[in-house]
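Chemist:
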Amino acid sequence: MEVFKFGGASVKDAEGIINLVDILSIKNPQKTIIIVSAMGKSTNALEKIIELYFAKENQVSLEILSLKEFHLKIIKNLFKEENNDCEKEVHKLFEELKLFLKSNKSPDYSFVYDQVVCFGELLSTTIIHYYMKYKRLDSFWLDARNCIKTDDYYRSANLNWELTQKSIIDQVENRSLVITQGFIGSSLNNFTTTLGREGSDYSAAIFAYALNAKSVTIWKDVPGVLNGDPRVFKKTRLLNQISYREAIELAFYGASVIHPKTLQPLQRKEIPLYVKSFENPKSKGTSISKGKALEPNIPCYIVKKNQVLLRLFSIDFSFIVEENISYIFGLLHEYQMPVELIQNSAISFSVCVNDKYKRLEELVLVLRSRFNVEVIKEVDLYTIRHFDSSASQFIKSMGKPVLLEQRTQQTAQFVV
Ligand code: ADP
Ligand code: ASP
Ligand code: MG
20 MEVFKFGGAS VKDAEGIINL VDILSIKNPQ KTIIIVSAMG KSTNALEKII ELYFAKENQV
80 SLEILSLKEF HLKIIKNLFK EENNDCEKEV HKLFEELKLF LKSNKSPDYS FVYDQVVCFG
140 ELLSTTIIHY YMKYKRLDSF WLDARNCIKT DDYYRSANLN WELTQKSIID QVENRSLVIT
200 QGFIGSSLNN FTTTLGREGS DYSAAIFAYA LNAKSVTIWK DVPGVLNGDP RVFKKTRLLN
260 QISYREAIEL AFYGASVIHP KTLQPLQRKE IPLYVKSFEN PKSKGTSISK GKALEPNIPC
320 YIVKKNQVLL RLFSIDFSFI VEENISYIFG LLHEYQMPVE LIQNSAISFS VCVNDKYKRL
380 EELVLVLRSR FNVEVIKEVD LYTIRHFDSS ASQFIKSMGK PVLLEQRTQQ TAQFVV
């Protein structure tokens with residue numbers, strides 16, 4: 020079995036869906052499972068609907084209508100006949116969504132989020148499934164929620180590997196062409212759960228692991244994994260091949276081209292991952308597999324913008340040692356502040372954090388009871404793998420003051 024994953028950018032409009040079917044035709048899809056994300060920015064639109072719903076704004080219906088129009092327009096551009104089966108199915112999904120919002124009694128934001136946001140993927144796969152049928156590609160539409168079994172940690176659910184593996188084998192193994200949703204799963208009580216934003220790459224890896232797939236290909240709007248995000252860095256170059264280890268490191272430090280959880284299941288079974296361009300499907304892209312040397316061997320750049328640098332100093336010149344450090348980490352965990360970089364000296368402790376949940380002020384207030392705290396907002400964290408003199412030149416050429424610097428053999432990090 021081969022696994023193909025198509026992200027939101029690849030199916031953002033009718034042309035994208037036509038292109039997807041063309042790619043499948045070139046690849047001759049025997050024994051393939053296709054994992055698809057929500058179209059374009061649909062997940063963001065659904066997030067907005069949820070926010071408005073909780074704020075009790077009456078704009079909810081308008082936003083739903085606009086999302087519906089977006090999907091209906093795509094259908095119109097794909098099928099000649101009006102009022103076709105695909106359109107009817109999409110109407111049904113929107114009725115289901117509205118009914119949920121109308122009858123829901125749960126005040127739990129994360130629970131409601133998952134029950135609503137899943138419609139992005141249900142809609143995209145329904146439309147693509149009907150279009151494949153229209154083009155005489157006979158596929159089976161699988162509800163990923165019947166396979167991806169998780170706990171009920173809504174918005175970032177944890178996989179139940181055993182149950183998931185069994186369900187996937189039962190429902191997929193004997194089929195030839197299957198289309199299903201990325202990102203979504205279900206709890207043991209059969210409520211919808213999600214794997215976290217951008218989680219469709221991870222879904223592809225889960226299916227591949229369970230099926231002992233030959234390979235996974237993720238189709239992107241870039242030629243493959245580059246040595247930097249082309250939206251941020253100029254003159255990026257394609258990495259032809261990298262090892263799982265390198266890919267895990269890049270994803271961990273924030274190269275958003277691959278979801279960080281994707282690599283572990285693949286490397287465990289040594290399933291190669293290909294990252295290719297959906298605009299140029301015949302080009303080779305990047306191949307990620309076991310032990311391959313980075314080729315070409317060049318520095319790789321990653322930036323995380325808008326981070327916060329906290330500098331803590333002991334009030335009475337006492338040392339910052341295990342006990343205080345453990346206290347600081349406890350607070351960072353409590354206030355849900357992902358730690359990007361740490362550095363300590365005898366009487367100071369610096370930490371670069373991501374204020375993901377906007378809880379910085381609360382945290383600083385608590386820290387000030389035990390330390391002198393300096394807060395530097397809106398800093399950028401640059402991580403450079405395979406640092407060399409050209410990378411050093413790059414940091415200098417930015418002309419921004421370096422507030423903190425840290426180097427290991429393979430990786431250099433700079434807070435600027
Ligand atoms: P998807 O459509 O699958 O959701 P994403 O938007 O999540 O795709 O990922 C593709 C984007 O990742 C690219 O458009 C690019 O801007 C960004 N990106 C970040 N780092 C890299 C990198 N090192 N190489 C290639 N693309 C990168
Ligand atoms: N649709 C989800 C998101 O936009 C999952 C994904 O695309 O990977 O985050
Ligand atoms: Mg994405």
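Under the numbering used here, the very last position in the sequence shown is 435; numbers go up by exactly one each time. Idealized CB from N, CA, C, for every residue including glycine. These figures come from a predicted structure and were not determined experimentally.
1. Compare the Cα-Cα distances from residue 44 to each of 196, 280, 380 and 282 and report the closest residue.
2. Alpha carbons only, please: which of 237, 106, 358 and 55 is nearest the one belonging to residue 369?
3. Whose CA, out of 267, 323 and 405, lies closest to the CA of residue 316?
4. At the level of alpha carbons, what is the spacing between residue 223 and residue 169?
5. Between the stretch 249 to 264 and the stretch 317 to 331, are three or more C-beta pairs nearer than 8 Å?
6. Would residue 335 be called buried (16 or more neighbouring beta carbons within 10 Å of its own) or exposed?
7. Which value, in whole angstroms, describes the spacing of the CA atoms of residue 261 and residue 291?
8. If you measure between the beta carbons of residue 159 and residue 194, is that distance less than 7 Å?
9. Looking at ligand 5, does it come within less than 6 Å of residue 276, judged from the CB to the closest heavy atom?
10. For ligand 1, I want to know if residue 26 counts as a neighbour, meaning its beta carbon is within less than 6 Å of at least one of the ligand's heavy atoms.
11. Which first and last residues belong to the alpha helix (DSSP H) in which residue 144 is found?
12. Looking at ligand 1, does it come within less than 6 Å of residue 239, judged from the CB to the closest heavy atom?
13. Please look up how many angstroms separate the CB atoms of residue 83 and residue 68, rounded, as I've assumed it's under 8 Å.
14. Roughly how many angstroms lie between the CA atoms of residue 95 and residue 216, to the nearest whole one?
15. Which whole-angstrom value describes the C-beta separation of residue 298 and residue 201, a residue pair presumed to lie in contact below a C-beta threshold of 8 Å?
16. With respect to the alpha helix (DSSP H) encompassing residue 37, which residues constitute its N-terminal and C-terminal limits?
17. What residue from 105, 109 and 77 has the CA that sits closest to residue 86's CA?
18. What are the start and end residues of the beta strand (DSSP E) that includes residue 363?
19. Going straight from the alpha carbon of residue 147 to that of residue 64, what length do you get?
20. Under DSSP, the beta strand (DSSP E) around residue 330 begins and ends at which residues?
21. For residue 400, tell me which candidate among 360, 190 and 242 has the shortest Cα-Cα distance.
22. For my contact list, residue 178 and residue 225 are in at a C-beta cut-off of 8 Å; report their separation, rounded to the angstrom.
23. Can you find the residues in the same chain that come closer than 6 Å, C-beta to C-beta, to residue 376, ignoring five residues on each side of it along the sequence?
24. Report yes or no: is there a C-beta of chain C within less than 7 Å of the C-beta of residue 225?
25. Tell me the DSSP secondary structure of residue 371 in three-state form.
26. Could you check what DSSP says for residue 401 in three-state terms: helix, strand or coil?
Modeler: On the basis of the coordinates in this document:
1. Taking the sequence shown and counting its residues from 1, one reaches residue 44 at position 25. Of the candidates 196, 280, 380 and 282, the one whose C-alpha sits nearest the C-alpha of residue 44 is 196.
2. What you label residue 369 is simply residue 350 of the sequence shown in a count that begins at 1. Checked all of 237, 106, 358 and 55; the closest Cα to residue 369 is 358.
3. For this step, residue 316 is matched to residue 297 along the sequence shown. Cα-wise, what sits closest to residue 316 is 405.
4. Mapped onto the sequence shown, residue 223 falls at position 204. Mapped onto the sequence shown, residue 169 falls at position 150. Between residue 223 and residue 169, the C-alpha separation is close to 15 Å.
5. These segments touch.
6. In the sequence shown, counting from the first residue as 1, residue 335 sits at position 316. Classification of residue 335: exposed, given that the 10 Å Cβ count is below 16.
7. The residue labelled residue 261 in the question sits at position 242 within the sequence shown. The residue labelled residue 291 in the question sits at position 272 within the sequence shown. Using only the alpha carbons, I get a separation of about 11 Å.
8. Your numbering for residue 159 matches position 140 in the sequence shown. Your numbering for residue 194 matches position 175 in the sequence shown. Judged by beta-carbon spacing, residue 194 lies within the 7 Å limit of residue 159, meaning their Cβ atoms are closer than that value.
9. Absence of ligand 5 from the depicted structure is noted, with ligand 1, ligand 2 and ligand 3 being the only ligands included.
10. The residue given as residue 26 occupies position 7 in the sequence shown. Yes, the Cβ of residue 26 comes within 6 Å of a heavy atom of ligand 1.
11. In the sequence shown, counting from the first residue as 1, residue 144 sits at position 125. Residue 144: member of the alpha helix (DSSP H) spanning 138 to 153, first to last residue.
12. Here residue 239 refers to the residue found at position 220 of the sequence shown. Answer for residue 239: yes, Cβ within range of ligand 1.
13. Stepping through the sequence shown from its first residue, residue 83 is reached at position 64. Stepping through the sequence shown from its first residue, residue 68 is reached at position 49. That pair is a contact at about 6 Å.
14. Position 76 of the sequence shown, counting from 1, holds the residue named residue 95. Position 197 of the sequence shown, counting from 1, holds the residue named residue 216. Approximately 29 Å, taken between the alpha carbons.
15. Your numbering for residue 298 matches position 279 in the sequence shown. Your numbering for residue 201 matches position 182 in the sequence shown. Taking a contact as a CB-CB distance under 8 Å, the pair residue 298 and residue 201 does not count as one, their CB atoms being some 20 Å apart.
16. The residue you call residue 37 lines up with position 18 of the sequence shown. Looking at the DSSP string, the run of the alpha helix (DSSP H) that includes residue 37 is 33 to 46.
17. By one-based count along the sequence shown, residue 86 stands at place 67. When only C-alpha atoms are compared, the closest one is 109.
18. As a working mapping, residue 363 is identified with position 344 in the sequence shown. Note, residue 363: beta strand (DSSP E), 358 to 363.
19. Residue mapping note: residue 147 aligns to position 128 of the sequence shown, counting from 1. Residue mapping note: residue 64 aligns to position 45 of the sequence shown, counting from 1. Going from the Cα of residue 147 to the Cα of residue 64 covers about 20 Å.
20. Residue numbering aside, residue 330 sits at position 311 when the sequence shown is read from its first letter. Unbroken beta strand (DSSP E) run through residue 330: 319 to 333.
21. Translated into the one-based positions of the sequence shown, residue 400 becomes position 381. For the options 360, 190 and 242, the alpha carbon positioned closest to that of residue 400 is the one of 360.
22. As a position in the sequence shown, residue 178 is number 159, starting the count at 1. As a position in the sequence shown, residue 225 is number 206, starting the count at 1. Sure, about 7 Å apart at Cβ, within 8 Å.
23. Here residue 376 corresponds to residue number 357 of the sequence shown, with the count starting at 1. Once the five neighbours on either side are set aside, the close Cβ partners of residue 376 are 355.
24. The structure shown contains no chain C; it is built from a single protein chain.
25. In the sequence shown, residue 371 corresponds to position 352, counting from 1. In the structure shown, residue 371 sits in a strand (DSSP, three-state: E or B).
26. The residue given as residue 401 occupies position 382 in the sequence shown. For residue 401, the three-state secondary structure derived from DSSP is strand.
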